[in-house]
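Following numbering that gives the first Met the number 0, the numbering of the sequence shown begins with 0 at its first residue and continues without gaps.
Ideal Cβ positions, reconstructed from N, Cα and C, are used throughout, including at glycine.
Predicted, not measured: the structure shown is a model, and the values here were computed from it.
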Amino acid sequence: MIYSFPPFVNSDTEILILGTMPGIASLKKQEYYAHPRNLFWKIIYTLFNQLPVANVFEEKIKVLQKHKIGIWDVLENCERKGSLDIHIKNHKPNDFESQLKQYPNIKKIIFNGKESHRYFIKNFGQIKGITYYVMPSTSPANTMSFENKLEIWSSCFQ
Numbered sequence: 000m001i002y003s004f005p006p007f008v009n010s011d012t013e014i015l016i017l018g019t020m021p022g023i024a025s026l027k028k029q030e031y032y033a034h035p036r037n038l039f040w041k042i043i044y045t046l047f048n049q050l051p052v053a054n055v056f057e058e059k060i061k062v063l064q065k066h067k068i069g070i071w072d073v074l075e076n077c078e079r080k081g082s083l084d085i086h087i088k089n090h091k092p093n094d095f096e097s098q099l100k101q102y103p104n105i106k107k108i109i110f111n112g113k114e115s116h117r118y119f120i121k122n123f124g125q126i127k128g129i130t131y132y133v134m135p136s137t138s139p140a141n142t143m144s145f146e147n148k149l150e151i152w153s154s155c156f157q
């Protein structure tokens, strides 16, 4: 059984970015999006003109918080061989009802990939008052170019 990380959300958070479950590299480092070829941080830093990407995880979180963005995963735990979402079994979702009640400023959820969206909708459906965006996964398993991912992701922040 593997477990996701706690959310990085605060009372200022208006946008919540959701992955499905941390991959092996992230679990080893205990940091969101830690795989060196995952484009998540490069996309965020590029969108907000904050390059170069910080090496220290806490600094990355500060950039998100400065822009009222939180991150979390849809699943609290699951069984999975490797890092791919297609191998997820016996999953338990995180408690979004409580999270959204505790942080009522969250009005936008951005899914980092189709699988995170699929698991969320399967467990919670459409939550009233929340706008959803499904973005291409920033994972290296998604071979779309950085430029294409960046262009699509930028639509969420305009």
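Asked	Found
Beta-carbon gap between N111 and P92 smaller than 8 angstroms	no
Beta-ladder partner(s) of D72, from DSSP	G18
Identified DSSP bridge partners for N111	M134
L63, buried or exposed, once every other Cβ within 10 Å from all chains shown has been counted against 16	buried
Element boundaries [alpha helix (DSSP H), containing N147]	F145 to S153
Residue interval of the alpha helix (DSSP H) (run including K27)	I23 to K28
Expected contact under 8 angstroms - CB spacing of T137 and N54 to nearest Å	The pair is not a contact, with the Cβ atoms about 18 angstroms apart (cut-off 8 angstroms).
Nearest-angstrom Cα separation, counted from G81 out to G22	7 angstroms
Own chain partners of Q125 with C-beta closer than 8 angstroms, once the 5 adjacent residues on each side are dropped	Y131
Whole-angstrom distance between F39 and C155, CA atom to CA atom	14 angstroms
K88 (DSSP reduced to helix, strand or coil)	strand
C-alpha distance - P5 paired with E75, whole-angstrom precision	9 angstroms
Residue nearest to K88 in terms of C-alpha spacing, selected from F56, I42, E114 and F7	E114
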